[in-house]
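The listed protein sequences derive, respectively, from chains A and B.
The opening position of the first sequence corresponds to residue 3 in my numbering, with each subsequent residue numbered one higher.
The opening position of the second sequence corresponds to residue 167 in my numbering, with each subsequent residue numbered one higher.
Don't be surprised by glycine CBs; every beta carbon is placed ideally from N, CA and C.
Since we're looking at a predicted model, the values are computed, not measured.
A short worksheet on the structure shown next.
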Amino acid sequence: MAMYNDKVMDLFMNPQNVGEIENADGVGTYGSPVCGDMMKMSLKIENNVIVDAKFKTFGCGSAIASSSMATEMIIGKTIDEALNITNKDVLKELGGLPGPKIHCSVLSEQAIKAAIYDYAQKHGLEFEGLKDYDPNASEDDHLHEHDEEDGE
Amino acid sequence: MQKVYLDYSATTPVKKEVLDEMIPYFTEKFGNPSSLYEIGADSKEAITKARGQVAGLIGAGEKEIIFTSCGSESDNWALIGTAEAKKDKGNHIITTAIEHHAVLHTCKYLEKHGFEVTYLGVDEDGRINLSELEAAITDKTILISIMFINNEMGAIQPIKEAAAIAKKHGIWFHTDAVQALGNVEIDVKELGVDMMSMSAHKIYGPKGIGAMYLRKGVVLPGFIHGGAQEFKKRAGTESVPNIVGFGKAAELAKENLSEHIARLSELRDYFIKEVTTKIPDVDVNGGMKYRHPGNVNLTFNFIEGESLLILLDMKGICISTGSACSSASLVPSHVLSALGVPVEKIHGSLRFSIGDFTTKEDLDYTVENLIEIVAKLRTISSVSSEKGW
Numbered sequence: 003m004a005m006y007n008d009k010v011m012d013l014f015m016n017p018q019n020v021g022e023i024e025n026a027d028g029v030g031t032y033g034s035p036v037c038g039d040m041m042k043m044s045l046k047i048e049n050n051v052i053v054d055a056k057f058k059t060f061g062c063g064s065a066i067a068s069s070s071m072a073t074e075m076i077i078g079k080t081i082d083e084a085l086n087i088t089n090k091d092v093l094k095e096l097g098g099l100p101g102p103k104i105h106c107s108v109l110s111e112q113a114i115k116a117a118i119y120d121y122a123q124k125h126g127l128e129f130e131g132l133k134d135y136d137p138n139a140s141e142d143d144h145l146h147e148h149d150e151e152d153g154e
Numbered sequence: 167m168q169k170v171y172l173d174y175s176a177t178t179p180v181k182k183e184v185l186d187e188m189i190p191y192f193t194e195k196f197g198n199p200s201s202l203y204e205i206g207a208d209s210k211e212a213i214t215k216a217r218g219q220v221a222g223l224i225g226a227g228e229k230e231i232i233f234t235s236c237g238s239e240s241d242n243w244a245l246i247g248t249a250e251a252k253k254d255k256g257n258h259i260i261t262t263a264i265e266h267h268a269v270l271h272t273c274k275y276l277e278k279h280g281f282e283v284t285y286l287g288v289d290e291d292g293r294i295n296l297s298e299l300e301a302a303i304t305d306k307t308i309l310i311s312i313m314f315i316n317n318e319m320g321a322i323q324p325i326k327e328a329a330a331i332a333k334k335h336g337i338w339f340h341t342d343a344v345q346a347l348g349n350v351e352i353d354v355k356e357l358g359v360d361m362m363s364m365s366a367h368k369i370y371g372p373k374g375i376g377a378m379y380l381r382k383g384v385v386l387p388g389f390i391h392g393g394a395q396e397f398k399k400r401a402g403t404e405s406v407p408n409i410v411g412f413g414k415a416a417e418l419a420k421e422n423l424s425e426h427i428a429r430l431s432e433l434r435d436y437f438i439k440e441v442t443t444k445i446p447d448v449d450v451n452g453g454m455k456y457r458h459p460g461n462v463n464l465t466f467n468f469i470e471g472e473s474l475l476i477l478l479d480m481k482g483i484c485i486s487t488g489s490a491c492s493s494a495s496l497v498p499s500h501v502l503s504a505l506g507v508p509v510e511k512i513h514g515s516l517r518f519s520i521g522d523f524t525t526k527e528d529l530d531y532t533v534e535n536l537i538e539i540v541a542k543l544r545t546i547s548s549v550s551s552e553k554g555w
């Protein structure tokens, strides 16, 4: 399909780290099926380092590819490093997404933050990267412009 | 790789018999129909023949068929033309919430110019309620425009009954029959419609040619100005090869109509049965009783339509989705919304449209791949039947 580059297609066809970690240290969800995409991220954290990450995503090809890429990017990183990852970093690693799909990379950035926030809450920890994090922010806060189109 | 085309509601391939008729009109029979010498007259004659063929498919008189560039032009003309012709009578138009954008966006345009539009809702079968239609009429109503068959979920509207209501109140009635043409019996006299939009590329004819049925006595101001073509109703040098192709396609559609309907309905019902028995958590969108013979609209719960579409495309299967994530549009289908399908389920909706070249083997191949792809995407999905939405 010409709309995605090879890297995105490959990750969509063969996503890495799909699933849920049992007894995860942090679990976070972002998005909703109503918005068209929802990602659930679970993390295994040891000594402040993310040793494993798994995801489940309801969404389009780019949402699935972004999710897969995000898990790969955070495994082995410290929590602070993971919190510094932005959707632009995910986009860059993916080699870009078509314009209307850029919000899919926000999904993974926010799911990482949600999962770490859950970990921080459970352990009474504070992280610099979560200072401005609002767990109740909705996807509408960064919603895309709505173009109508029809080709029939 | 096997190629399976299941998007006949988007467009159809041109049939060979149609193309064969068209070819000479690109080269040796290239004359302008308005020219007086022989090759001009030949072109003019070809148009007259095609007009008769299109008229024949819908039971119209020859002079009641006006060729346009596409179905959308016909829709635009019907609405804007009526608005202009009847502006002294009133400024109210009644249509439905499930129209094609060629009607809906034209209504939005007219709303900006002082017109008021009522958008009728539909029931779970995708059909309008006739008493609601009648109740919506005011003394300012100048036009009722109701699509014959919906392009997404295939609902066939009660056009004859709706047209009768319009007539009773002295209001013009238009129907967008782009999806209906060649897929149901149409007799404009029996239906009692005043205007009807049609398109060739949905009935195995070429793209770039449409037509309007304009009942004798309905006087619409012209939409394209600058020449005496099409009984002075639509200027512009006629697209002779396309018109010839439309004519042939209409002739074939008429010849094959009952067989076409029977064959498509059988394939459609077979496909729905196969998918719904072999894949869990699939909903059929729209009712079955009044449905386009080739239309299948399904929601695959807990997964998103664009990812399904891409994986099917990788297997050579062409379908379309009502998902907001499809192509550049991030708005979920307005038609499925009007049907009352929850947004999360619209994201997972796919339309399969079956046509004359579809075989049972194509459908079996599609089902086989759907089973695999749906299972794969459900493994990845963060929602499931156990956890719910």
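Below 7 angstroms on C-beta distance, what does residue i contact in chain A?
i              : result
E277 (chain B) : Simply none; closest approach about 15 angstroms.
W555 (chain B) : P35
Note down, in chain order, every chain D residue with its Cβ under 8 angstroms from the Cβ of residue i.
i              : result
N317 (chain B) : Among the chains of the structure shown, chain D does not appear; the protein chains present are A and B.
Report yes if the CB atom of residue i is closer than 8 angstroms to the CB atom of residue j, and no otherwise.
i              : j              : result
Q345 (chain B) : S547 (chain B) : no
A221 (chain B) : P387 (chain B) : no
G320 (chain B) : G452 (chain B) : yes
G28 (chain A)  : Y135 (chain A) : no
D39 (chain A)  : F60 (chain A)  : yes
K334 (chain B) : E187 (chain B) : no
I375 (chain B) : S424 (chain B) : no
S311 (chain B) : T261 (chain B) : yes
F466 (chain B) : S551 (chain B) : no
E440 (chain B) : L529 (chain B) : yes
V288 (chain B) : I325 (chain B) : no
F233 (chain B) : E417 (chain B) : no
E230 (chain B) : R434 (chain B) : no
I303 (chain B) : I337 (chain B) : yes
N7 (chain A)   : E74 (chain A)  : no
A249 (chain B) : L276 (chain B) : yes
I369 (chain B) : H458 (chain B) : no
Quick one: list the residues of chain B neighbouring residue i, beta-carbon separation under 7 angstroms, in chain order.
i             : result
T88 (chain A) : By Cβ distance, chain B contributes nothing, its closest Cβ being about 22 angstroms from T88 (chain A), past 7 angstroms.
I66 (chain A) : S473 and I546
G63 (chain A) : E472, S473 and I476
Starting from residue i and walking both ways along the alpha helix (DSSP H), at which residues does that stretch end?
i              : result
G471 (chain B) : G471 to M480
K414 (chain B) : V406 to K444
D186 (chain B) : K182 to M188
R293 (chain B) : Note, R293 (chain B): premise wrong, no alpha helix (DSSP H); not H, not E.
S69 (chain A)  : G63 to I76
G247 (chain B) : G237 to A251
Y121 (chain A) : H105 to H125
Y531 (chain B) : K526 to I546
Step through the CB atoms of chain B and report whether any lies within less than 8 angstroms of the CB of residue i.
i              : result
P137 (chain A) : no
K58 (chain A)  : yes
T73 (chain A)  : no
H144 (chain A) : Residue confidence is low: H144 (chain A) scores 49 on pLDDT, short of 50, so the model does not pin down where it sits. Its coordinate-derived value is still stated next. With 8 angstroms as the cut-off, H144 (chain A) does not count as an interface residue toward chain B.
Using a cut-off of 8 angstroms between C-beta atoms, extract the partners of residue i located in chain B.
i             : result
V20 (chain A) : T545 and I546
T80 (chain A) : Simply none; closest approach about 26 angstroms.
Return no unless some Cβ of chain A is closer than 8 angstroms to the Cβ of residue i.
i              : result
V509 (chain B) : yes
H513 (chain B) : yes
W243 (chain B) : no
T193 (chain B) : no
V501 (chain B) : no
K481 (chain B) : no
Under DSSP, the beta strand (DSSP E) around residue i begins and ends at which residues?
i              : result
H46 (chain A)  : In the sequence as displayed, the identity of residue 46 (chain A) is Lys instead of His. D39 to E48 is the span of the beta strand (DSSP E), which, as asked, contains K46 (chain A).
F339 (chain B) : W338 to D342
G126 (chain B) : Any property of residue 126 (chain B) remains undetermined from this structure, which presents chain B solely from 167 to 555.
What in chain A is Cβ-close to residue i, meaning under 8 angstroms?
i              : result
V549 (chain B) : P35, M40 and F60
Q.
Could you check whether the region 110 to 117 of chain A touches the region 30 to 38 of chain A, counting it as contact only if at least three pairs of C-beta atoms, one from each stretch, sit closer than 8 angstroms?
A. yes
Q: Please determine if the region 47 to 59 of chain A and the region 85 to 103 of chain A are in contact, where contact requires at least 3 C-beta pairs separated by less than 8 angstroms.
A: no
Q. Taking three-plus beta-carbon pairs below 8 angstroms as touching, is the region 189 to 198 of chain B in contact with the region 387 to 402 of chain B?
A. no
Q. Are the region 337 to 354 of chain B and the region 208 to 218 of chain B touching, with three or more C-beta to C-beta distances below 8 angstroms?
A. no
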